[in-house]
Amino acid sequence: MAERHCLNCGMSANAPRFELDQAPPLLRCAKCDQNLFLQHDGSCLTDDIAHHHETLPLALKKLDRLLLEGWRGYYRTLRVIIGGGLIREQTLGQLHYYQRQGLIRAYHQDSPNRGAVMVVLRD
Ligand SMILES: [Zn+2]
Numbered sequence: 011m012a013e014r015h016c017l018n019c020g021m022s023a024n025a026p027r028f029e030l031d032q033a034p035p036l037l038r039c040a041k042c043d044q045n046l047f048l049q050h051d052g053s054c055l056t057d058d059i060a061h062h063h064e065t066l067p068l069a070l071k072k073l074d075r076l077l078l079e080g081w082r083g084y085y086r087t088l089r090v091i092i093g094g095g096l097i098r099e100q101t102l103g104q105l106h107y108y109q110r111q112g113l114i115r116a117y118h119q120d121s122p123n124r125g126a127v128m129v130v131l132r133d
């Protein structure tokens, strides 16, 4: 279990530990009824998964770590630097899959920078 704080009223709640094998669980604040996993503080988490000589498996592992950190925190978006090669292609494929699974809301190229992608975790 992990603790989450309601950003609306400050109440604490015990939350199941977020993992990537499921869509965000429905967890209502006992006091104000907001969905605690969908609250965000508007912030963006950034990381570079492609420019430290990462292999493809390592880059995808870093992508998953970033998603988990984003969901376990209160971030609204992720900005992922993916470069221009195979890591970029595979990351976009993985994000497509995660979107279908309900793990992310949306993703789009960080125009005009093709080497980065913006991922929306929460609306
Ligand atoms: Zn609340």
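With the working numbering applied, the sequence shown corresponds to residues 11 to 133, in that order. Glycine included, C-beta positions come from ideal geometry on N, C-alpha and C.
Judged by their CB atoms, residue 130 and residue 90 are not nearer to each other than the 8 Å cut-off. In the three-state reduction of the DSSP assignment, residue 49 falls in the coil class, being assigned neither a helical nor a strand state.
Secondary structure within the region 69 to 113: the beta strand (DSSP E) runs of 3 or more consecutive residues, fully enclosed, are 87 to 91 (chain order). Rounded to whole angstroms, the gap between the alpha carbons of residue 13 and residue 23 is 6 Å. Under the three-state reduction of DSSP output, residue 55 falls in the strand class. Setting aside the 5 residues that flank it on each side, residue 82 is surrounded in the same chain by 28, each with a C-beta closer than 6 Å to its C-beta; the list follows chain order.
The Cβ neighbour count for residue 80, taken over all protein chains shown within 10 Å, is at least 16; the residue is labelled buried. According to DSSP, residue 126 shares a beta bridge with 91. Judged by the Cβ position, residue 44 qualifies as a neighbour of ligand 1 at the 7 Å threshold, a heavy atom of the ligand being closer than this.
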